[in-house]
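Taking full-length UniProt numbering, I'd label the letters of the sequence shown as residues 1 to 341.
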Amino acid sequence: MIFGFSFKLSSDVYGTLLHVAVINSFQYVYVRLLLMQGADPCAQDRDGYTPAHYAVEKDDVEMLKALIVRIHPDVKTFSESKDLDGDTTLHYAVARNNLALTTFLITECLADVNGGETSRPSPLDVAIFNNHPEIKEFLLLNNAKSRFNIKCIKFKSDDPQQDIQVNLEGLTLADTPITSTFSEINRSHKQKNSSLQLDDLSKQAAEFNKNNDYDNTLKCYQQMVNIYLENSESEMVDSEVAKIYNSIAVVYHRQHNYNMALTYYKKAVECVLTTTNYSQLGDYYENIGLTYATQNKNAAALENFQNSLNVRRSNLQPDQTAIERIEKFIENVKGNIRSTN
């Protein structure tokens, strides 16, 4: 306890302070400070989620690293904690089709590849159900076992939505490129349906985009934005909406509609700046810089590349490859500016 305040303080709704820090994407240094002061990374909220569950659900590898690094002899690393459904963090990583997180959990965190309740699908079952061949092969290489005869079945009833719910009944999370954030606390029936809608729209958008059907791709993305804005006030939603705005911008960028691309890239930045989660901010500034550079607007490109570089350098564990790439962009733009003066 410091200054009469306990870092183990918890509530029925939000869990511990460490839960709050992870959910709201506090800077990693504050997460480590909480751990040094005795915060328990294995503590569970009323849904059975540990801080690690939330880090995985947000695809935040760096946050997960911050949670497991032993910076003090009394700091515990998270165990095979299970949520109320009996699923571990590895289930979450596999369900999100995140090979990097899956690899990190197994190789660095020594997660049990066959963990979780035995009456529930194993991580391998989740990979098979969601048709993730790379993750499936990685799990098999690490002696993963299947607990059920999992297979995807086609709609058989007159109500496709009902069939979707039946097929997903045994799984905690759906596989979506853009996160469904409605599982933070107890989700309502409406929010669960919205999560399924987001999953469906995300898959449709990916298919349309693959076939260069940009109009329908944009329609799917806009519907996803509307669902997020209608169903939650969490700042996690702002981060997810920002990802969709960025995806919309990329579609316009591919069509060489640079003005619309810039509009949505900037919307993505605005959304992120209302949160404390800046994990994608460097990417958005970089995209803006590339758009301006394509238009030979060198001063604006330089400003946004510099913003991207500053954000990336401020990360607790900076991505050196990305930093070097941005530094090359900056050198090229500066060269263009010198040649025109």
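Don't be surprised by glycine CBs; every beta carbon is placed ideally from N, CA and C. As the structure is a computational prediction, the values presented were derived from the model and not from experiment.
May I ask which residues mark the beginning and end of the alpha helix (DSSP H) holding P51?
Taking the first residue of the sequence shown as position 1, residue 51 is located at position 51. Taken as a continuous stretch (DSSP letters only), the alpha helix (DSSP H) holding P51 covers P51 to E57.
Give the range of the alpha helix (DSSP H) segment to which T275 is assigned.
Numbered from its first residue, the sequence shown carries residue 275 at position 275. Per DSSP, T275 belongs to no alpha helix (DSSP H) and is neither H nor E.
Check the C-beta distance from R120 over to G86 and give it rounded, since I have them as a contact under 8 Å.
The sequence position of residue 120 within the sequence shown is 120, counting from 1. The sequence position of residue 86 within the sequence shown is 86, counting from 1. Indeed they touch by this definition, with Cβ atoms about 5 Å apart.
Leaving out five residues on either side along the sequence, give the residues of the same chain with a beta carbon under 7 Å from the beta carbon of Q306.
Numbered from its first residue, the sequence shown carries residue 306 at position 306. So the list reads I330, once near-sequence residues are dropped.
Residue range of the alpha helix (DSSP H) that S308 falls in?
Within the sequence shown, the letter at position 308 stands for residue 308. N298 to S314 is the span of the alpha helix (DSSP H), which, as asked, contains S308.
Return the residue from the list P133, Y252, F138 and A95 that minimises the CA-CA distance to V126.
Residue 126 sits at position 126 when you count from the first residue of the sequence shown. Nearest C-alpha to V126: A95.
Whole angstroms is fine: what's the gap from I106's alpha carbon to V113's?
Residue numbering aside, residue 106 sits at position 106 when the sequence shown is read from its first letter. Residue numbering aside, residue 113 sits at position 113 when the sequence shown is read from its first letter. Straight-line spacing of the CA atoms in I106 and V113 works out to 7 Å.
If we ignore side chains and look at the alpha-carbon of each, how far apart do E270 and A144 end up?
Walking along the sequence shown from the start, residue 270 turns up at place 270. Walking along the sequence shown from the start, residue 144 turns up at place 144. Spanning the two alpha carbons is a distance of roughly 42 Å.
So, at 7 Å on beta carbons, what are the nonlocal neighbours of N216 in its own chain, with the 5 sequence-adjacent residues on each side left out?
Taking the sequence shown and counting its residues from 1, one reaches residue 216 at position 216. The answer, listed in chain order, is F208.
Excluding the 5 residues preceding and the 5 following D319 in the sequence, name in chain order all residues of the same chain whose CB lies nearer than 7 Å to its CB.
Indexing the sequence shown from 1 puts residue 319 at position 319. Excluding residues within five positions, the ones whose Cβ falls inside 7 Å are R312.
Classify V13 as helix, strand or coil using the three-state DSSP reduction.
By one-based count along the sequence shown, residue 13 stands at place 13. Unreliable placement is indicated for V13, whose pLDDT of 45 sits below 50; the coordinate value is still reported in the next sentence. V13: coil per DSSP, three-state reduction.
Find the nearest neighbour of V22 within the set A52, T118 and A100, judged by alpha-carbon distance.
Within the sequence shown, the letter at position 22 stands for residue 22. Measuring from the Cα of V22, the nearest candidate turns out to be A52.
According to DSSP, simplified to helix, strand and coil, what is L18?
In the sequence shown, counting from the first residue as 1, residue 18 sits at position 18. DSSP places L18 in helix when its eight states are reduced to three.
Can you check whether the CB of N304 is closer than 8 Å to the CB of A249?
If you number the sequence shown from 1, residue 249 lands on position 249. If you number the sequence shown from 1, residue 304 lands on position 304. No, they are not a contact pair.
By Cβ distance below 7 Å, which residues in the same chain neighbour L139 in space, the five residues on each side in sequence not counted?
Residue 139 sits at position 139 when you count from the first residue of the sequence shown. V113, P123, L124 and A127.
Within 7 Å: the Cβ of L33 and any heavy atom of the ligand FMN?
Absence of the ligand FMN is noted for the structure shown, with no ligands found whatsoever.
In the DSSP assignment, the alpha helix (DSSP H) including S25 goes from what residue to what residue?
One-based indexing of the sequence shown puts residue 25 at position 25. No alpha helix (DSSP H) holds S25; DSSP gives it neither H nor E.
Can you give me the C-alpha to C-alpha distance between L198 and K267, rounded to a whole angstrom?
Translated into the one-based positions of the sequence shown, residue 198 becomes position 198. Translated into the one-based positions of the sequence shown, residue 267 becomes position 267. Cα to Cα, L198 sits roughly 20 Å from K267.
Do E57 and Y92 come within 8 Å of each other at the CB atom, strictly closer than that value?
The residue given as residue 92 occupies position 92 in the sequence shown. The residue given as residue 57 occupies position 57 in the sequence shown. Cβ distance < 8 Å, so Y92 and E57 count as in contact.
I'd like the list of long-range same chain contacts for T103, defined as Cβ closer than 7 Å, with 5 residues on each side in sequence excluded.
For the purposes of this step, residue 103 is taken as the residue at position 103 of the sequence shown. So the list reads F138, once near-sequence residues are dropped.
Is the beta carbon of L101 closer than 8 Å to that of D40?
On the sequence shown, residue 40 is found 40 positions in, with the first residue counted as 1. On the sequence shown, residue 101 is found 101 positions in, with the first residue counted as 1. The answer is no: Cβ separation not under 8 Å.
Which stretch, first to last residue, makes up the alpha helix (DSSP H) that contains Q295?
The residue labelled residue 295 in the question sits at position 295 within the sequence shown. No alpha helix (DSSP H) holds Q295; DSSP gives it neither H nor E.
Please classify N298 as buried or exposed, where buried requires at least 16 other C-beta atoms within 10 Å of its C-beta.
Here residue 298 refers to the residue found at position 298 of the sequence shown. It is buried - the Cβ of N298 has at least 16 other Cβ atoms within 10 Å.
Please report how far the alpha carbon of Y265 lies from the alpha carbon of Y292, in whole angstroms.
For the purposes of this step, residue 265 is taken as the residue at position 265 of the sequence shown. For the purposes of this step, residue 292 is taken as the residue at position 292 of the sequence shown. Between Y265 and Y292, the C-alpha separation is close to 11 Å.
Given L262, which residues of its chain have a CB within under 7 Å of its CB, disregarding the five upstream and five downstream residues?
On the sequence shown, residue 262 is found 262 positions in, with the first residue counted as 1. Contacts found: I288 and T291.
Just the Cα atoms here: how many angstroms apart are T16 and T89?
Counted from its first residue, the sequence shown places residue 16 at position 16. Counted from its first residue, the sequence shown places residue 89 at position 89. Taking the CA atoms as reference points, T16 sits about 18 Å from T89.
When you compare each of A43, L18, Q44 and N24 to R32 by their alpha carbons, which one comes out closest?
What you label residue 32 is simply residue 32 of the sequence shown in a count that begins at 1. R32 has its Cα closest to that of L18, out of A43, L18, Q44 and N24.
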